[in-house]
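Those protein sequence lines, which keep their order, are chains A and B. Numbering-wise, the working numbering comes out as the position in the first sequence, counting from 1, plus 416. Numbering-wise, the working numbering comes out as the position in the second sequence, counting from 1, plus 416.
There are 2 protein chains.
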Amino acid sequence: MPQRAGKRRPGRRPGESQTRDAILDAARARFAEHGWDRTTIRAIARDADVDPALVMHFFDSKALLFASAMRWPFDSDAVLTQILEGPRSELGLRLARFFLSVWEEPGRREPIMVMLRAASTNEQAADLLRETLMTVLLGPLGSRLGTPDGELRMSLCSAHLIGLGIARYLLEFEPLASLAPEQVADLVGPTLQRYMTGDL
Amino acid sequence: MPQRAGKRRPGRRPGESQTRDAILDAARARFAEHGWDRTTIRAIARDADVDPALVMHFFDSKALLFASAMRWPFDSDAVLTQILEGPRSELGLRLARFFLSVWEEPGRREPIMVMLRAASTNEQAADLLRETLMTVLLGPLGSRLGTPDGELRMSLCSAHLIGLGIARYLLEFEPLASLAPEQVADLVGPTLQRYMTGDL
């Protein structure tokens, strides 16, 4: 994830990057253990042994600190290969399977849920989530589909998948929430396939 | 929206319903202006000129107060008619158009966004949003599709539409965010049509 949130001033003092890293380490540990709501800037600052004002100086807001601290819960190069390699007629199915494999694991879907939650109240967090998704996954995938309108296609796929995550894992719409992942992949795969390679 | 949260006791004092209405008015104004996270029971009580304990007495929790205060931003009977009447082959298109007509207006999508936000941090709010959507729209629509698996079909449609709302209006994925509503309806209509009437 790009470290956009830190203010990189020309006059940065030596030691600043260690301080920044200590804050990021503390933030990762806190967010992982306590989640978004119960993590405070104050507690992160205490863990990192710095003043809360310094955390705000580096990161501006809890949402941007979170976004900077987040590690994307998959290796995007490996994922691109996994989705793109194989029969072209099953691109949508492979994308659906990959998505479900991430969301099936609470430890991997939780960071994405936290980012979505932050994005829903904070415009900077929304910008970051969009740009990150575009940079690590949707942009590269769209440009390698071999079909025109790659960005439109991938934005339609992500619209469907984000909603699938929310409906299945957060709102728990039935029977969608109780189906096996493979059944869900079979249901949404053809939709993603049309968005990726079909006539729009 | 059904007013499930209010405790209607036989011995209700005169003036109680005015007090309850005053709390609901204050809640609507607070949630609209400050959103879910920054709205407190205490502030709503202050605005309504009552004790915070009385707010809890009437509504039990912030999530249930919110759900009671929310007005569903459409008349569900009219919507069902609007979606179900017309060529069967355009059911998906009509559902997409209806959804987009609500989300195009900030004043109508904001209550839904606030409910989604509440649902992402509060299980009671998630239960309420799911049950409300099912009761007012998805259940009746699913049972009148004339196809088996109506609930599965409508849960797939809602998965896609919730994600469309988030991707287009919150995360602003491009070019999806800039297309005219009618173009978006044409893109997602066939997907909804397959989910509503196709082979699954």
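Heads up, the beta-carbon is just placed ideally off N, CA and C, and yes, glycines get one too.
Assign residue i to one of three DSSP states: helix, strand, or coil.
i	result
Met417 (chain A)	Its pLDDT being 41, under 50, Met417 (chain A) is placed unreliably in this model, and the value from its coordinates should be taken loosely. Met417 (chain A) falls in the coil class under three-state DSSP.
Met486 (chain B)	coil
Thr456 (chain B)	coil
Val466 (chain B)	coil
Phe475 (chain B)	helix
Arg560 (chain B)	coil
Ser594 (chain B)	coil
Asp437 (chain B)	helix
Pro503 (chain A)	coil
Arg424 (chain A)	Only weak support exists for where Arg424 (chain A) lies, its pLDDT of 48 falling under 50; the coordinates are left without a value.
Gly431 (chain B)	coil
Leu549 (chain B)	helix
Phe447 (chain B)	helix
Glu588 (chain A)	coil
Asp615 (chain B)	coil
Glu526 (chain B)	helix
Asp543 (chain A)	helix
Ala601 (chain B)	helix
Asp493 (chain B)	helix
Can you check which of these residues, the options, is closest to residue i by C-alpha distance?
i	options	result
Arg513 (chain A)	A:Gly581, A:Ser433 and A:Gly558	A:Gly581
Leu516 (chain B)	B:Ser574, B:Gly502 and B:Ile457	B:Ser574
Glu449 (chain B)	B:Ser433, B:Gln609 and B:Val530	B:Val530
Leu577 (chain B)	B:Leu557, B:Ala593, B:Gly566 and B:Val604	B:Val604
Val471 (chain A)	A:Leu595, A:Trp488, A:Phe490 and A:Asp441	A:Asp441
Thr551 (chain B)	B:Ala535, B:Thr563, B:Met570 and B:Glu539	B:Met570
Leu561 (chain B)	B:Leu496, B:Gln599 and B:Glu547	B:Leu496
Arg436 (chain B)	B:Ala459, B:Leu481 and B:Ala445	B:Leu481
Ala485 (chain B)	B:Asp615, B:Glu506 and B:Gly451	B:Gly451
Leu544 (chain A)	A:Phe447, A:Phe475 and A:Thr455	A:Phe475
Ala583 (chain A)	B:Phe490, B:Arg444, B:Leu549 and B:Glu520	B:Leu549
Pro527 (chain B)	B:Ser505, B:Phe490 and B:Arg504	B:Phe490
Ser492 (chain B)	B:Pro556, B:Val600 and B:Ser433	B:Pro556
Asp602 (chain A)	A:Gly431, A:Ser505, A:Gln434 and A:Glu432	A:Ser505
Would residue i and residue j be called neighbours here (beta carbons separated by less than 9 Å)?
i	j	result
Ala461 (chain A)	Asp453 (chain A)	no
Thr613 (chain B)	Arg610 (chain A)	no
Ala535 (chain A)	Leu586 (chain B)	yes
For the putative contact between residue i and residue j, defined by C-beta atoms under 8 Å, what is the C-beta separation to the nearest angstrom?
i	j	result
Ile457 (chain B)	Lys478 (chain B)	6 Å
Pro597 (chain B)	Leu568 (chain A)	Wrong, their Cβ atoms sit about 15 Å apart, outside the cutoff.
Ala459 (chain A)	Ile439 (chain A)	With a Cβ gap of about 12 Å, Ala459 (chain A) and Ile439 (chain A) do not count as contacting.
Ala541 (chain A)	Ala483 (chain A)	6 Å
Val518 (chain B)	Arg524 (chain B)	5 Å
Leu507 (chain A)	Asp565 (chain A)	With 8 Å as the limit, Leu507 (chain A) and Asp565 (chain A) do not qualify as a contact, their Cβ atoms being about 15 Å apart.
Thr455 (chain A)	Arg446 (chain A)	5 Å
Arg546 (chain A)	Glu588 (chain B)	7 Å
Gly579 (chain B)	Gly558 (chain A)	No, Gly579 (chain B) and Gly558 (chain A) are not in contact; Cβ-Cβ is about 17 Å, not under 8 Å.
Thr537 (chain A)	Arg533 (chain B)	7 Å
Any beta-carbon of chain C closer than 9 Å to the one on residue i?
i	result
Glu520 (chain B)	The structure shown has no chain C; the protein chains it does contain are A and B.
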